[in-house]
Amino acid sequence: TAIVEDVSRVRELPLGLTARKTSGTELWSATGGDDSFTNVFLVAAGTQSERVSGKVGSAGVSELLAGARGTNPIADEFAVVEAEIVLQYRVRDRELDKWLNFSADTRARGSTLDMRTRALRMIALREVTQFLSTKPLEEVFSPQGQSLLAGLSERVQKSFDEQDTGVELVGVAIPKLRPPLSTGDYAGRFEELSISAQNARRVVEASRSTVNTTMSLLIGDAAKAAEIVNAIEALRELERAGTDLTGAAERRAAIETMLLDSRAQTASVISAARAKRWELLMAAKRQAAEVLGQSASWAVSPELYEQRRTMEALAEALVMVRAKYIIGIDPAHVRVDAEMKEAASGLNLADYMEKKTLE
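Just so we're aligned, residue 3 is where the sequence shown starts under our numbering, counting upward by one.
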């Protein structure tokens, strides 16, 4: 007896109780339609949805979770979803013997699947059920990181290989995934879970973008931001302890060097502060040198030195004043020289006649 097997043909194997073809887009909140779709799977209830709803402010999700959890401990740990999962597989190259020896191809009475296909279906259904039961509800509806389909494919393929089925899993398709219609009005509110998760990710990404932009402006390299921030926090802890002042000074100098090497806005601020510090220091040194240079004059005659400095201060303060008064000095030590530098205005007849007479 000859048996012909098309090993290159890709076969499809629905894992649910019923195989239902979906055309177009169906909303979870839509009423009507085929309510006989009962391919139910358990997923972990999780607490991530509560955190997301609390951060983003989704009242619908909060009401849904509050209503679903309560006195039933099973409902607190698991949730239910309806899914249509279809495996696409074929006989692996050079493993036809494993495919034939895995199981017989006889059919039971009233069954549309042969024994080999039913065995594959049971193995895959076991792995899918266990996999989904460990995934939180929000991760099933809004997967992050590794794709839900990739995780299912990897797990099912591993189980097939362990059983020597000779099957290569081409892919896993989930054409339909929704909350069960038996939840009534809550089916529409499940849509808010995905929206809330997307909003939360959008807020996180926007905040991360703001942090990177700010750190690039201040430090020049956002990758070094965490290193510098940790160094600053360690310096603060060391300064609060107050046990190692030398170590704190060395850490501060190292942090300043890191910031100066970045050549960003922080480096400009530090450079300007250092320049201002040197300016103030040199001004103080100049003033100190000036005072020390006048110490000899003070030693010779303190009273005369004081009067001279007082007059210098008055001359500097009253430079723009036309009328000046000197108060508080002994008149015996004061000599005032006055000279009229303003010419007489008009014609002086006496002077004119005197000049004519002399001529």
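Glycine included, every Cβ here is placed at the ideal spot set by N, Cα and C.
Cβ distance (whole Å) where residue i is taken to contact residue j below 8 Å
i      : j      : result
ILE221 : THR268 : 6 Å
ALA233 : ARG253 : 7 Å
ALA46  : SER135 : 6 Å
ILE272 : LEU283 : Rounded, the Cβ-Cβ distance is 16 Å, inconsistent with contact.
VAL12  : VAL172 : 6 Å
GLU97  : GLY168 : 4 Å
GLU90  : ALA199 : Note that residue 90 is Gln in the sequence shown, not Glu. Incorrect: roughly 28 Å between the Cβ atoms, too far for contact.
Beta carbon of residue i nearer than 9 Å to that of residue j
i      : j      : result
ASP95  : GLU170 : yes
LEU1   : VAL88  : In this structure the chain extends from 3 to 361, so residue 1 is not present and cannot be described.
VAL142 : LEU179 : yes
LEU151 : PHE133 : no
VAL213 : ALA224 : yes
VAL82  : LEU127 : no
ARG1   : LEU15  : Since the first and last residues shown for the chain are 3 and 361, residue 1 lies out of range.
MET260 : GLU229 : yes
Given residue i as reference, the closest of the options once Cα atoms are compared
i      : options                        : result
ALA85  : ALA334, ARG311, THR131         : THR131
THR108 : THR119, ALA319, ALA298, VAL45  : THR119
VAL336 : ASP353, VAL172, ARG310         : ARG310
SER161 : SER149, ALA121, GLU194         : ALA121
VAL6   : VAL93, ARG210, ARG276          : VAL93
PHE80  : LYS137, SER105, LEU294, GLY112 : LYS137
ASN41  : MET313, PRO181, ALA274, MET217 : PRO181
GLU164 : TRP101, THR114, GLU194         : TRP101
ILE125 : ARG111, ASP166, THR114         : ASP166
GLU129 : GLN159, ALA208, LYS278         : GLN159
Neighbourhood of residue i by C-beta, 7 Å cutoff - its chain only, sequence neighbours within 5 removed
i      : result
ALA266 : LEU219, LEU220, ILE221, GLY222
GLU239 : none
SER299 : TYR307
GLY295 : none
SER105 : MET117, ARG118, ALA121
Cut-off 6 Å between Cβ atoms - residues of its own chain near residue i, not counting five sequence neighbours on either side
i      : result
LYS357 : none
SER149 : none
GLU241 : ALA250
SER60  : The pLDDT assigned to SER60 is 42, lower than 50, so where the model puts this residue is not dependable, and the model offers no usable value.
VAL293 : none
Contact set for residue i: own chain, Cβ-Cβ below 8 Å, skip 5 residues either direction
i      : result
LEU237 : ALA250, ARG253, ARG254, ILE257
GLN50  : Here the model assigns GLN50 a pLDDT of 46, short of 50, so the residue's position is not dependable and the matter cannot be decided.
ALA291 : none
ARG53  : At ARG53 the pLDDT is 45, less than 50, meaning the model places this residue with poor confidence; the figure from the coordinates comes in the next sentence. Closer than 8 Å at Cβ, skipping near neighbours: no residue.
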